[in-house]
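Below: one structure, written as structure tokens.
Residue numbers (the numbering used here), protein chains in the order written: chain A, 1 to 462; chain U, 1 to 462.
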């Protein structure tokens, strides 16, 4: 074990606080960075089981499509930062919370590594989840799509068999179907619910996405539950409650669940979401252990309830808070809006806050307005249009959610809504936002103004 | 004079409140729309001196460049709205505030029109301003660029003489220079101050704009004041304090000033900015007269002082408030952030709030941070980068201003800053915004996070 000592300008010796971070994904990387920035004297050690330090999981479909050239492009070395070590190919096998030690193993040499910590951050993310109702009799050429190696395998199978089935119509399923079509692969996408992005987007808007995929040549199968996957590589059979599909390979895009193996081994409390329970400072039930990212639960700022938020965008927010607090800083995360976006080129879409269905489940009295408007005047050759749906709380006029779809700047609309939802803003406040205008970018009446006005008119009619 | 009566559902007869609006630009058009929405029974009459109801002034450079095809494309008829009349080619010559009447003239027939009003909205905008120090001995082929007719004249001269001079390096001057270069015209742009966008942007960032114009082939002349313009059409001589330039035509882009002729005739109070003085409800010193748009002054939300805000984006905010209140609604405008953007294709740039120079003039203790960062990972073929500068108040940590320049989504950054500045947010609040992530659109660490972090680190070092 290495010992880190620090000499200050008076030549006094300190033992530097040591932060150990498990996992170097979005949460772990951000935690490490903010620990470093917050306390320059702290020592940071990261254990990452992957053979490479950094990769960009959300860019994997863009490599699969060929938009980014080569799988190595999405890998990166850890930044060289003083007093920070990122140990790759190193799997943490055990945590000893009583002696504040982490026991890991170098996956290449088999060497055992014992490292003490002052504060520990669990940032080891989520793992693919396959519903139990799906029986996989033969798992050859059945892939999940989470790391670079998965992508390489999928590409190999796609190149060989030209025909694939994707199970699951959420973000990864949609992006993978789109990517494989760009490569000319024959793709069937099967979703259990009668719409894509179930729970995340209203059906009518999600249908615009499935229509685009169909136009691109994807065979979109909605409302059929996969029951059995069988057959050897190259001749996979996917049975649903209704029919049978055949292809050379299968990608399981059926979601992820928090990886809580280590947390449970240490006896950390889990929440009702089955994510690690943390407070606003990202502290777990053990005050020396923080958790951040896909393995931890977080407060939904709209509902006030705990939720899983498996987005890189919220992982970095959680990682930031954990990293700052692990070295004695004081930061907190009240909650998240869960804003997300998917870019299919011709169509970008996303949502923020909650949906009407969720609001109704919570017994909230809400209404929705939907506006479809020009983002840019039709006289421009690259004119774009956008559809915005707002979910509004009747009594308070607060914006509880938003869905945006179009070929223009969808991210901007979602981000503005995210900021306003986080600040508990009303539709009247949205109607007063001041935005920059030049006609080659955006209309002078901002699409969000149009949406806010529609909501205000509706409130007035009641 | 027409008389408007309204029968309600009990068959009672009301006289409908009559709103007269002078000017159908951004402010007038928005005022008319919101009067209509707010009170469906009100009668709205708009007087517009142009022969066409609507045009898009900010799109004129895009027609000049050829990006939009044909000058007619930027003209539009007024929308057909019940109980609203837009009289074009109609110049208001006099207002009789005692009898609440407007006296106008049909510019085509010469006919005199007298119209009574319950509430009057002055939305007749600004007029080009040419500094007195510039002596124009021969005004042939010396143009301003405000309406469609100006554009047609400039295009004619550019086609004939292939060589032009633009006086003034703010928005219109820059956009016109850029547009004429796209048409292959030999362009010299002369600016009195040693930088483009003086007062609106810091010199080092403005220099990136002038470098782009130079790369495009514009002869950018900074720090030279034009003193005399002489010579006949086709052989114009523009003398500065330092040299003489020769071209076929000249565009004067030296700014605008509020058109207060009618306001002064009625005896309305003007502010120290020489714009019409209005309160937060856009009411002038005469309670039955509102003013909105470039002719009125407005509060700068950052300084709390009155300012002129000659942007369509703020004109619509003022017009909205005037339109709502003119029919008895209750809306107010606390102030504006003055967010603006210019799109030169390869480079987009803009600012919001105040600059460091202005802060220092006001005696505010501030600092600036500047970050240049990837907006999109370099592995993407359309990777973009962005520079963000924040102006921060030391004691309160409040964001007082922002400048953004880059080839990516500059508008989004400015709009988010505008919303946060309007809400008096701190850099810590900026560091906590939650934004949607997909790598083909924007990095997971949002460039505004990077900027906020830089500011927070600076505050910590003090």
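Think of the CB as a built atom: it goes at the ideal place given N, C-alpha and C, for glycine as much as any other residue.
- Residue 59/U belongs to the set of residues whose beta carbon lies under 8 Å from a beta carbon in chain A.
- Within the model, the alpha-carbon separation for residue 148/A versus residue 377/U is close to 17 Å.
- Contact note: residue 444/A reaches chain U through 26, 312, 313, 316, using a C-beta cutoff of 7 Å and chain order.
- For residue 178/A, the enclosing alpha helix (DSSP H) starts and ends at 171 to 182.
- The Cβ of residue 437/U sits closer than 8 Å to at least one Cβ of chain A.
- Along the stretch 347 to 360 of chain A, the positions whose C-beta sits under 8 Å from a C-beta of chain U are 348, 350, 352, read in chain order.
- Only residues of its own chain outside the window of five on either side were considered, and among them 105 have a CB closer than 8 Å to the CB of residue 111/A, listed in chain order.
- Residue pairing by DSSP puts residue 442/U in a beta bridge opposite 438/U.
- Residues of the stretch 365 to 382 of chain U with a C-beta less than 8 Å from any C-beta of chain A: 377, 379, 380, 381, listed in chain order.
- DSSP places residue 151/A within a helical segment (H, G or I) once states are collapsed to three.
- Among the residues of chain A, none has a CB under 7 Å from the CB of residue 291/U; the nearest is roughly 19 Å distant.
- Three or more beta-carbon pairs separated by less than 8 Å link the stretch 199 to 206 of chain A to the stretch 344 to 359 of chain A, which places the two stretches in contact.
- Per DSSP, residue 72/U lies in no beta strand (DSSP E) and is assigned neither H nor E.
- Annotation: the continuous alpha helix (DSSP H) that includes residue 29/A extends over 26 to 38.
- When DSSP states are grouped into helix, strand and coil, residue 415/U belongs to the helix group.
- Between the alpha carbons of residue 77/U and residue 51/U lies a distance of about 10 Å.
- The three-state secondary structure of residue 213/U, taken from DSSP, is helix.
- Relative to the Cα of residue 325/A, the nearest Cα in the group 42/A, 48/A, 25/A belongs to 42/A.
- The Cβ atoms of residue 298/A and residue 309/A lie closer than 8 Å to each other.
- The C-beta separation of residue 155/U from residue 143/U comes to about 10 Å, leaving the pair out of contact by the 8 Å criterion.
- When the Cα atoms are used, residue 292/A and residue 396/A turn out to be separated by approximately 32 Å.
- Bounds of any beta strand (DSSP E) do not take in residue 449/U; it lies within the alpha helix (DSSP H) bounded by 447 to 461.
- Setting aside the 5 residues that flank it on each side, residue 452/A is surrounded in the same chain by 427, 430, 431, each with a C-beta closer than 6 Å to its C-beta; the list follows chain order.
- When Cβ-Cβ separations below 8 Å define contact, residue 241/A makes no contact with chain U.
- Pairing residue 192/A with residue 174/A, the inter-Cα distance amounts to about 14 Å.
- Taking 8 Å as the cut-off, the beta carbon of residue 231/A is found no closer than this to the beta carbon of residue 96/A.
- By the criterion of at least three beta-carbon pairs nearer than 8 Å, the stretch 357 to 368 of chain A is not in contact with the stretch 324 to 339 of chain A.
- Scanning chain U for C-beta atoms nearer than 7 Å to the C-beta of residue 74/A yields 379, reported in chain order.
- Distances from the CA of residue 241/A to each of 235/A, 226/A, 108/A, 279/A were compared; the closest alpha carbon is that of 226/A.
- Within the DSSP secondary-structure output, residue 363/U pairs in no beta bridge.
- Inside the stretch 327 to 378 of chain U, DSSP marks whole beta strand (DSSP E) runs of 3 or more residues at positions 340 to 343, 348 to 353, 366 to 374, from first to last along the chain.
- Using a 10 angstroms sphere on the CB of residue 259/U, the tally of other CB atoms reaches 16 or more, which defines it as buried.
- Boundaries of the beta strand (DSSP E) around residue 116/A: 112 to 116.
- Counting along the chain, the unbroken alpha helix (DSSP H) around residue 62/A starts and ends at 60 to 64.
- Looking at the DSSP output, residue 394/A shares a beta bridge with no other residue.
- With fewer than 16 other beta carbons inside 10 angstroms of its own, residue 279/A counts as exposed.
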